[in-house]
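Heads up: the structure comes next, in structure tokens.
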Amino acid sequence: MVKSFMFLSTEEKRKVFVKLIEYLEDKYDYNPWWNNYTPFQNLVGIIISQRTNMRNGVKVFYRLLSENLDDVDTIRNTDIRKIEEIIKSAGMAKVKARTIKALAEFIFEKYGGDFEKILYKNAEDIRNELLSIKGIGPKTVDVFLMIYSNEGILPVDTHIYRISIRLGIVRKGASYEETRASLENLISPEKRRKAHILLIEFGRKICRARNPFCEDCPVEKYCIFSRVDKYE
Ligand code: SF4
């Protein structure tokens, strides 16, 4: 019988994980969605996508764009209630609208409205600056830094967290930081951005929250979940 992922040596785990990513690379298109938008638009999009599903997040993000609410000045000069109304269907509208407003104020005060200037700083400074804005937390910053830094960050969303638990990369209840570090340990920095996008696709289409298609999964033989939990 093949050993479960969690009982493999670190080297074996890396091989299996890299093979999974290569398999997903052949199967899904790699779509770096951030290429079409400014750093400010991307960060607003990341804030909106917190705790909502991708479809909702994308719909609300496009709505903001279509209303031209996508630059620092406009956000600063728009009534917060209007922003809340537009992003309502993404959930937590009051908190998210407040965060987007606080971000715009921060950029205006610190960078005269030109957010691109932050990209000249190193990742640690960017992280500290963004974390000083109320409502912006480590996960949001990680996604931003995944896009704009070469630190090789592999942010963990709900899909990636679920896959990591099921496969036995981390134990149930593992923290965000622990999960991120464990995943990053399995793959080289330059492949992590792609791994993030592809694992989300894998979580949405195969390793779904309910009724995963384990029969289509390239790592089923290493997966504890498919052997035990699913059939109990
Ligand atoms: S075997 Fe099933 S539960 Fe395990 S990683 Fe694959 S799809 Fe997910």
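Take 11 as the starting number for the sequence shown in the working numbering and just add one per residue.
Yeah, the Cβ is synthetic: ideal placement off N, Cα and C, and Gly gets one too.
Computed from a predicted model, the values in this text were never measured in an experiment.
Taking a cut-off of 8 Å for Cβ pairs, the segment 208 to 226 and the segment 19 to 35 touch, as three or more such pairs fall below it. In the three-state DSSP reduction, residue 68 falls in the helix class (H, G or I). Where residue 138 is concerned, the enclosing alpha helix (DSSP H) starts and stops at 133 to 141. Burial check for residue 124: the Cβ neighbour count within 10 Å stays below 16, so the residue is exposed.
Taking the CA atoms as reference points, residue 117 sits about 7 Å from residue 82.
Around the Cβ of residue 52, a 10 Å sphere holds 16 or more other Cβ atoms; the residue is buried. With respect to the 8 Å criterion, residue 169 and residue 203 are not classified as neighbours on the basis of their beta carbons.
Contact check for residue 189 against residue 60 fails: the beta carbons are separated by 8 Å or more.
Listed in chain order, the beta strand (DSSP E) elements of length 3 or more contained wholly in the segment 157 to 203 amount to none. 8 Å or more divides the Cβ of residue 128 from the Cβ of residue 155. A distance criterion of 7 Å places the beta-carbon of residue 216 in contact range of ligand 1, judged by its closest non-hydrogen atom.
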